[in-house]
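The structure appears right after this line, and notes come after that.
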Ligand SMILES: C[S@@+](CC[C@H](N)C(=O)[O-])C[C@H]1O[C@@H](n2cnc3c(N)ncnc32)[C@H](O)[C@@H]1O
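Laid out in structure tokens, this is it:
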């Protein structure tokens, strides 16, 4: 298992030597929304993008384009949900309720994760691809769980 904190890039060294390995640039600041009373028992805090809106399509596309020019790979099933209403319907169809614990394999952009959090679930997310995991981290902060297992194959 990989601790979430270990995925966060370290601050760049003050005087990098030419032989030093390249480090990822720091993530942009996260704008954390105060959890609603309904989401109080959540171990994760969703951020602004958890709120469904008419502009879901554009914000997801913007996010996908912003992190390392992520190009979705068919071999990894990287199809992303652009309509958060559908995510809500999926969560309702699955009967996810407050206090449930959900293991989500492949959170991708985190759009379904956000709907699960809104329903009051605690979500453990497993994402294989680093660039997608970083994209996901831009949307969701896992606070108490602090665990992001990157490869389902290694987990099971
Ligand atoms: C269908 S997409 C996720 C869609 C997501 N609900 C969304 O709307 O953004 C599937 C995700 O599974 C990830 N994935 C593929 N193979 C995986 C594996 N072995 N372990 C964990 N994640 C994996 C992909 O990188 C991708 O982000």
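In UniProt numbering, the protein residues as written are 1 to 156. Built from N, CA and C at the ideal position, the CB exists for glycine as well. Since the structure is predicted, the reported quantities are computational estimates derived from the model, not experimental observations.
Q: Out of 93, 98 and 83, state which residue places its alpha-carbon closest to the alpha-carbon of residue 121.
A: 98
To which residues of the same chain is residue 123 closer than 7 Å at the C-beta, ignoring the five residues directly before and after it?
-> 44, 102, 104, 113, 116 and 117
- request: Report yes if the CB atom of residue 84 is closer than 8 Å to the CB atom of residue 111, and no otherwise.
  value: yes
**Asked** Does the Cβ of residue 91 have 16 or more other Cβ atoms within 10 Å, making it buried, or fewer, making it exposed?
**Response** buried
Practice prompt. Check the C-beta distance from residue 96 over to residue 119 and give it rounded, since I have them as a contact under 8 Å.
Written response: 5 Å
Check: With 16 as the cutoff for other CB atoms within 10 Å, does residue 87 come out buried or exposed?
Finding: buried
(message) Quick check: what's the CA-CA separation for residue 79 versus residue 109?
(response) 10 Å
Pull up the DSSP beta-bridge partners for residue 103, would you.
124
- Is DSSP giving residue 115 helix, strand or coil here? helix
Measuring only the C-alpha atoms, how far is residue 82 from residue 94?
Here the alpha carbon of residue 82 sits roughly 19 Å from the alpha carbon of residue 94.
From which residue to which residue does the alpha helix (DSSP H) around residue 87 run?
DSSP places residue 87 inside the alpha helix (DSSP H), whose first and last residues are 84–93.
* State the Cα-Cα distance for the pair residue 72 and residue 89, rounded to the nearest angstrom. => 24 Å
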